[in-house]
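If you count by my numbering, then the sequence shown holds residues 114 to 400, one letter each, in order.
Beta carbons: idealized from backbone N, C-alpha and C, even for Gly.
Predicted model only: the values in this text are computed from it and were never measured.
Report on the structure given below.
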Amino acid sequence: MTTNPPRRQFTRLRRQLTDGERRQYARMASLYLVKLQQRLPPRARIGLYYDGFGELPTQPLLDWCQRSGYRAYLPVVGSLGRDNKGDDDKRLRFVPIYHSKLINVPTYIHRLGMPQNRHRHLLWATELNVIICPLVAVDKQGNRMGMGGGFYDTTLGRSYQSGASRPLKIGWCYDFQVVDKLERQPWDVPLDGLITPSGLMWFKPTHIDESELETSSADTVDTYLKSLGNDNKREKLYYSQEQSFDSDELSSVINEARLNELLAQSDAFLASLSGEIEDFEDDNKDP
């Protein structure tokens, strides 16, 4: 029988990270958003969340949405009133983000502790193309451990059981939050995919068209890297990360002109040394 590890084990590790470490891990994870982008229509609607509890920062997700022409949304708890027990209705709805920085979004603190936006233009989860789901831990089959409130499972349960293709349920977390196996309850809604600083993993490959798996992502990677700045910065960023692309894709991404320039400089440098090496050998010959 599988026993889930305590939530505090993961939340403690999250809070031990510095702000700089969190931002760096989020930048690494954001490189894999181009592979998620292959499955999205133009002007897709993306549900995000505030990273107020040490989670992998979600600002890079908002940046990606704005660069890609997607509309980003934040979850709202309790917009449907309360149930017969006096508790908030657990079905989430989503409000659009009108700011470029999450920190600038006007919020109030919900009684459960999370910041959230005021209610206006609310959408149901099924009106979104993707929901980026917060999590405490996730296993290699896509089973997700949340904070225990059941908001996302309740919100997504009906569409999942009906086999609806949207919204895609994508996890966004640190690598240390991924475990081999979690105990799954009948009401738990598994993720479709997971993005970490190490890459993107699909849990339901049968739901993905085989042609999409074979489509090269090199062009979209290059477009994304171009948005980051000059060629030197692009090269430094690209080669500092482990990318799960094959050799053909890499050959499309590499700046061939720049590579030839570097090789020519290397050849010229070696040629300039050849005379010095010959002189050194002559000086060391036996008299």
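Just grab the DSSP bridge partners of residue i for me.
{"i": "D206", "result": "The displayed chain sequence assigns Arg, not Asp, to residue 206. Beta-bridge pairing links R206 to V189, W237."}
{"i": "E218", "result": "Just to set this straight, residue 218 is Val in the shown sequence, not Glu. DSSP, once it has assigned bridges, lists no residue as partnering V218."}
{"i": "W315", "result": "G306"}
{"i": "C246", "result": "G284"}
{"i": "R158", "result": "R184"}
{"i": "R257", "result": "V251"}
{"i": "V147", "result": "None, per the DSSP bridge assignment."}
Less than 9 Å between the beta carbons of residue i and residue j, yes or no?
{"i": "G263", "j": "W300", "result": "yes"}
{"i": "Y265", "j": "V302", "result": "yes"}
{"i": "T309", "j": "L169", "result": "yes"}
{"i": "L214", "j": "L175", "result": "The sequence shown places Lys at residue 214, rather than the Leu named in the question. Cβ atoms of K214 and L175: closer than 9 Å."}
{"i": "M260", "j": "R128", "result": "no"}
{"i": "S311", "j": "M141", "result": "yes"}
For residue i, which residues from the same chain have a beta carbon less than 7 Å from its beta carbon, with the 5 sequence-adjacent residues on both sides left out?
{"i": "W237", "result": "R206"}
{"i": "L126", "result": "F289"}
{"i": "R136", "result": "P170"}
{"i": "H212", "result": "V218"}
{"i": "Q122", "result": "none"}
If we count the other Cβ atoms within 10 Å of its Cβ and call it buried at 16 or more, is residue i buried or exposed?
{"i": "G133", "result": "exposed"}
{"i": "F166", "result": "exposed"}
{"i": "I216", "result": "exposed"}
{"i": "R257", "result": "buried"}
{"i": "P219", "result": "exposed"}
{"i": "T171", "result": "buried"}
{"i": "A277", "result": "exposed"}
{"i": "R158", "result": "buried"}
{"i": "I222", "result": "exposed"}
{"i": "V243", "result": "buried"}
{"i": "P280", "result": "buried"}
{"i": "P173", "result": "buried"}
{"i": "S353", "result": "A caution first: S353 carries a pLDDT of 32, below 50, which makes its placement in the model too unreliable to give a value."}
{"i": "L363", "result": "Note that L363 scores a pLDDT of 39, beneath 50, so its modelled location is shaky; the value from the coordinates is reported in the next line. Exposed."}
Below 6 Å CB to CB, which residues in the same chain sit around residue i once its five sequence neighbours on both sides are set aside?
{"i": "T124", "result": "none"}
{"i": "P154", "result": "none"}
{"i": "A185", "result": "I159, L161, L175, C178, I210"}
{"i": "Q254", "result": "none"}
{"i": "L130", "result": "none"}
{"i": "A139", "result": "L169, P170, P173"}
{"i": "L146", "result": "W177"}
Tell me which same chain residues have a C-beta within less than 8 Å of the C-beta of residue i, skipping the five on either side of it?
{"i": "V251", "result": "R257, M258, G284, C286, Q290, V291, V292, L295, L304, L307"}
{"i": "T239", "result": "S272, A277, R279, P280"}
{"i": "L241", "result": "R158, I159, G160, Y186, F207, R279, P280"}
{"i": "R156", "result": "G182, Y183, R184"}
{"i": "Q298", "result": "none"}
Would residue i count as contacting chain C if we go by Cβ distances under 9 Å?
{"i": "I283", "result": "Although the question refers to chain C, the structure presented lacks it and comprises just one protein chain."}
Checklist entry - Are there three or more Cβ pairs, one per stretch, closer than 8 Å when the stretch 170–186 is compared with the stretch 265–283? => result no
Item to check | the stretch 245–252 touching the stretch 160–179, judged by at least three CB pairs closer than 8 Å | outcome: yes
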